[in-house]
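The sequence shown begins at 1 in UniProt numbering and counts up one residue at a time.
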Amino acid sequence: MGVVGCMRYALGSVMMVGVAPEYLGVWLVWRGVSLALPPWVYQWGDDKLYSLYQRLVLFFFETCTRVEVVMYGDADEALKKKESVLYLANHQSTVDWLIADMVALRGGSLGHLRYVMKDTLQLMPLYGHYFYAHGCIYVKRGNFNQGKMIASLDYLRNPNIPTWLIIFPEGTRYYPGTPKVIQNSEQFARDHNLQILQHHLVPKVKGTWLVTKHLHDKFDALYDVSVFYEGTVDQSGVRGNAPQLIEFLLGKCKRVHIHIRRIPMSEVPREEDSLRAWLHNLYAEKDKLAEHFFSKDATQRATVQKTLGGRVSHLGLWSTLSSFIFFTALSVPFLCTKMGHQLYLHLLMYGTMGSYAWLAIRSVC
Numbered sequence: 001m002g003v004v005g006c007m008r009y010a011l012g013s014v015m016m017v018g019v020a021p022e023y024l025g026v027w028l029v030w031r032g033v034s035l036a037l038p039p040w041v042y043q044w045g046d047d048k049l050y051s052l053y054q055r056l057v058l059f060f061f062e063t064c065t066r067v068e069v070v071m072y073g074d075a076d077e078a079l080k081k082k083e084s085v086l087y088l089a090n091h092q093s094t095v096d097w098l099i100a101d102m103v104a105l106r107g108g109s110l111g112h113l114r115y116v117m118k119d120t121l122q123l124m125p126l127y128g129h130y131f132y133a134h135g136c137i138y139v140k141r142g143n144f145n146q147g148k149m150i151a152s153l154d155y156l157r158n159p160n161i162p163t164w165l166i167i168f169p170e171g172t173r174y175y176p177g178t179p180k181v182i183q184n185s186e187q188f189a190r191d192h193n194l195q196i197l198q199h200h201l202v203p204k205v206k207g208t209w210l211v212t213k214h215l216h217d218k219f220d221a222l223y224d225v226s227v228f229y230e231g232t233v234d235q236s237g238v239r240g241n242a243p244q245l246i247e248f249l250l251g252k253c254k255r256v257h258i259h260i261r262r263i264p265m266s267e268v269p270r271e272e273d274s275l276r277a278w279l280h281n282l283y284a285e286k287d288k289l290a291e292h293f294f295s296k297d298a299t300q301r302a303t304v305q306k307t308l309g310g311r312v313s314h315l316g317l318w319s320t321l322s323s324f325i326f327f328t329a330l331s332v333p334f335l336c337t338k339m340g341h342q343l344y345l346h347l348l349m350y351g352t353m354g355s356y357a358w359l360a361i362r363s364v365c
């Protein structure tokens, strides 16, 4: 299993990163073709491309790892709907964004995912620019610029651009390996007379409030998503760190539990103060749910799926394999021809420099 996991990690890493210039080339062609067309037409095609790439990611992270996905709550009902969604989730791992992929693919909305992301992700070669072009929103920690976030949100107000906007309100991962962050969160709760959370950090309201203020009428519902990675509690009942990207790709997480609660947007407050209290109460409820998965009682953890009525959600092989085949075929001319080599290097070199320059000039956050 160790050898297989290492091979999967090596192949997956090389392919997911290596196809970036090729993906950029396809995206540039579509961007040029759609320049004279309405924005929603460009976004329609871009969403198709984004879905195609994320299926490749899931081919390695779900299909090849054979991780078992267990769904709870309103998942069956919610994922049958074709709607625009504000997706709020707990944050404990670098894998959390992939869980949103898993959920959205099952809901037929993978291409519509857009994230509120920390600004340092702009530094990712090629992808940093592309995420912004796709409709993701960069924000700076400690130097939050409301005006620039609002400008990005205005683009998403277009009713012809369906969106799942992903926010992790905690801002920082709940990571037992960094107890100082957890202690600071608990002290903040005490200082503001808030309920102390045992399994989450105190959620920050500003970004969520701006989103609800400007896109309240666009969204059909808020999805309250709680994710739990099995195996994070040791034999003595102590909670450890959730698996991160490398560990997950190596197959060290056997099961992921995903609880979804669908809340109509009519129940989500618009005013900042009301939303602050509402959001903290929401996280207090998530904390109660988390007790089932992080219980010190091994028997309770072992029976949580039956207790909460979870069901295993299987993903069809073709839904991700087709993307792997597409990108493999796309890579052939780049790998096997001299012209392909040159084009690949030009896209990598000039694309990286150009995207960095564009982001710097635009100063997107």
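We put the beta carbon where it would ideally sit given N, CA and C, even for glycine.
Predicted model, so just to flag it, every value in this text is computed and none were measured.
Rounded to whole angstroms, what's the CA-CA distance from alanine 100 to asparagine 241? Just pull it up for me. To locate residue 100, count along the sequence shown from 1; it is residue 100. To locate residue 241, count along the sequence shown from 1; it is residue 241. The straight-line gap from Cα to Cα measures roughly 19 Å.
Verify the contact flag: tyrosine 127, CB atom, against every heavy atom of the ligand FAD, threshold strictly below 6 Å. Annotation note on the ligand FAD: not contained in the displayed structure, which lists no ligands.
Which term fits tryptophan 164, buried or exposed, when burial requires 16 or more other beta carbons within 10 angstroms of its beta carbon? As a working note, residue 164 is residue 164 in the sequence shown. Buried, because 16 or more other Cβ atoms sit within 10 Å of the Cβ of tryptophan 164.
Return the bridge partner residues of valine 139 from the DSSP annotation. As a first step, residue 139 must be located in the sequence shown, where it is residue number 139. BP columns for valine 139 point to Lys118.
Phenylalanine 294 vs valine 304 beta-carbon contact at 7 Å: By 1-based counting over the sequence shown, the position of residue 294 is 294. By 1-based counting over the sequence shown, the position of residue 304 is 304. The answer is no: Cβ separation not under 7 Å.
DSSP state of valine 238 mapped onto helix, strand, coil: Residue 238 sits at position 238 when you count from the first residue of the sequence shown. In this structure, valine 238 counts as coil in the three-state DSSP scheme.
Would you mind reading off the limits of the alpha helix (DSSP H) that contains residue 367? Absent from the structure is residue 367, since the part of the chain shown begins at 1 and ends at 365.
I need the DSSP call for valine 202, collapsed to helix, strand or coil. Here residue 202 refers to the residue found at position 202 of the sequence shown. Three-state DSSP puts valine 202 in coil, outside helix and strand.
Rounded to the nearest angstrom, what separates aspartate 119 and leucine 317 at their Cα positions? Stepping through the sequence shown from its first residue, residue 119 is reached at position 119. Stepping through the sequence shown from its first residue, residue 317 is reached at position 317. When rounded, the distance between both Cα atoms is 35 Å.
With 16 other CB atoms within 10 Å as the buried threshold, where does asparagine 90 fall? Counting from 1 along the sequence shown, the entry for residue 90 is found at position 90. It counts as buried.
Which first and last residues belong to the alpha helix (DSSP H) in which glycine 32 is found? Taking the sequence shown and counting its residues from 1, the one referred to as residue 32 is at position 32. Looking at the DSSP string, the run of the alpha helix (DSSP H) that includes glycine 32 is 20 to 33.
Among all the DSSP beta bridges, which residues are the ones paired with arginine 311? Walking along the sequence shown from the start, residue 311 turns up at place 311. According to DSSP, arginine 311 bridges with Met71.
Does glycine 208 pass the burial test, meaning 16 or more other C-beta atoms within 10 Å, or should it be called exposed? Reading the sequence shown from its first residue, position 208 is the one you call residue 208. Inspection of the sequence shows that residue 208 is occupied by threonine rather than by glycine. Classification of threonine 208: buried, given that the 10 Å Cβ count is 16 or more.
Which class does leucine 343 belong to by DSSP, given the choice of helix, strand or coil? The sequence position of residue 343 within the sequence shown is 343, counting from 1. Three-state DSSP puts leucine 343 in a helix.
Beta strand (DSSP E) containing leucine 88: first to last residue? Numbered from its first residue, the sequence shown carries residue 88 at position 88. Leucine 88 -> beta strand (DSSP E) spans 85 to 89.
Indicate the three-state DSSP secondary structure (helix, strand or coil) for isoleucine 196 in the structure shown. If you number the sequence shown from 1, residue 196 lands on position 196. Of the three classes helix, strand and coil, the one that applies to isoleucine 196 here is coil, per DSSP.
Limits of the unbroken alpha helix (DSSP H) element including valine 57: For the purposes of this step, residue 57 is identified with residue 57 of the sequence shown, where counting begins at 1. It spans 39 to 58 - the alpha helix (DSSP H) in which valine 57 sits, taken as one unbroken run.
Can you tell me whether tyrosine 283 is helix, strand or coil according to DSSP? As a first step, residue 283 must be located in the sequence shown, where it is residue number 283. Three-state DSSP puts tyrosine 283 in a helix.
Same chain, Cβ closer than 8 Å to serine 355, neighbours up to 5 away in sequence not counted: Sequence index remark: in the sequence shown, residue 355 carries index 355 (1-based). Cβ within range, chain order: Pro125, Leu126, Gly128, His129, Tyr130.
From Asp217, His199, Asn143, residue whose alpha carbon lies closest to that of threonine 232: Stepping through the sequence shown from its first residue, residue 232 is reached at position 232. Residue His199 is the option with its Cα nearest to threonine 232.
Once you ignore the five residues that flank phenylalanine 61 on each side, which residues in its own chain have a CB closer than 7 Å to its CB? Within the sequence shown, residue 61 is the residue found at index 61, counting from 1. For phenylalanine 61, where only same-chain residues beyond five positions count, the Cβ hits under 7 Å are Leu98, Phe248, Leu249.
Could you tell me whether the Cβ atoms of serine 34 and valine 26 are closer together than 7 Å? Numbered from its first residue, the sequence shown carries residue 34 at position 34. Numbered from its first residue, the sequence shown carries residue 26 at position 26. Their beta carbons are not under 7 Å apart, which means serine 34 does not touch valine 26 by this criterion.
Would the beta-carbon of tyrosine 155 fall within 7 Å of that of cysteine 136? The residue given as residue 155 occupies position 155 in the sequence shown. The residue given as residue 136 occupies position 136 in the sequence shown. No. Outside cutoff.
Would you kindly report the start and end of the unbroken alpha helix (DSSP H) that includes aspartate 101? Along the sequence shown, read from residue 1 onward, the residue named residue 101 stands at position 101. Element bounds for aspartate 101: 96 to 106.
Can you check which of these residues, Met7, Glu170, Leu28, Ser226, is closest to aspartate 74 by C-alpha distance? The residue you call residue 74 lines up with position 74 of the sequence shown. The shortest Cα separation from aspartate 74 among Met7, Glu170, Leu28, Ser226 belongs to Ser226.
So, is leucine 332 buried or exposed, given that buried needs 16 or more other C-beta atoms within 10 angstroms? By 1-based counting over the sequence shown, the position of residue 332 is 332. A quick correction: the sequence has valine, not leucine, at residue 332. When all chains shown are included, valine 332 counts as exposed.
Give me the Cβ distance between valine 364 and lysine 148, rounded to the nearest whole Å; I'm assuming they're in contact under 8 Å. In the sequence shown, counting from the first residue as 1, residue 364 sits at position 364. In the sequence shown, counting from the first residue as 1, residue 148 sits at position 148. Correct: roughly 6 Å between the Cβ atoms.
Chain C contact for arginine 276 (CB, 7 Å cutoff): Note that chain C does not occur in the displayed structure, where there is just one protein chain.
Give a yes or no on contact between the region 100 to 109 and the region 4 to 14, applying the rule of three or more CB pairs nearer than 8 Å. no
Is it right to say leucine 345 is buried, meaning 16 or more other beta carbons lie within 10 angstroms of its own, or is it exposed? As a first step, residue 345 is located in the sequence shown; it is residue number 345 there, counting from the start. Exposed, since its Cβ has fewer than 16 Cβ neighbours within 10 Å.
Tell me whether glutamate 291 is buried or exposed, calling it buried when 16 or more other Cβ atoms sit within 10 Å of its Cβ. Translated into the one-based positions of the sequence shown, residue 291 becomes position 291. Answer is exposed; the Cβ neighbour count stays below 16.
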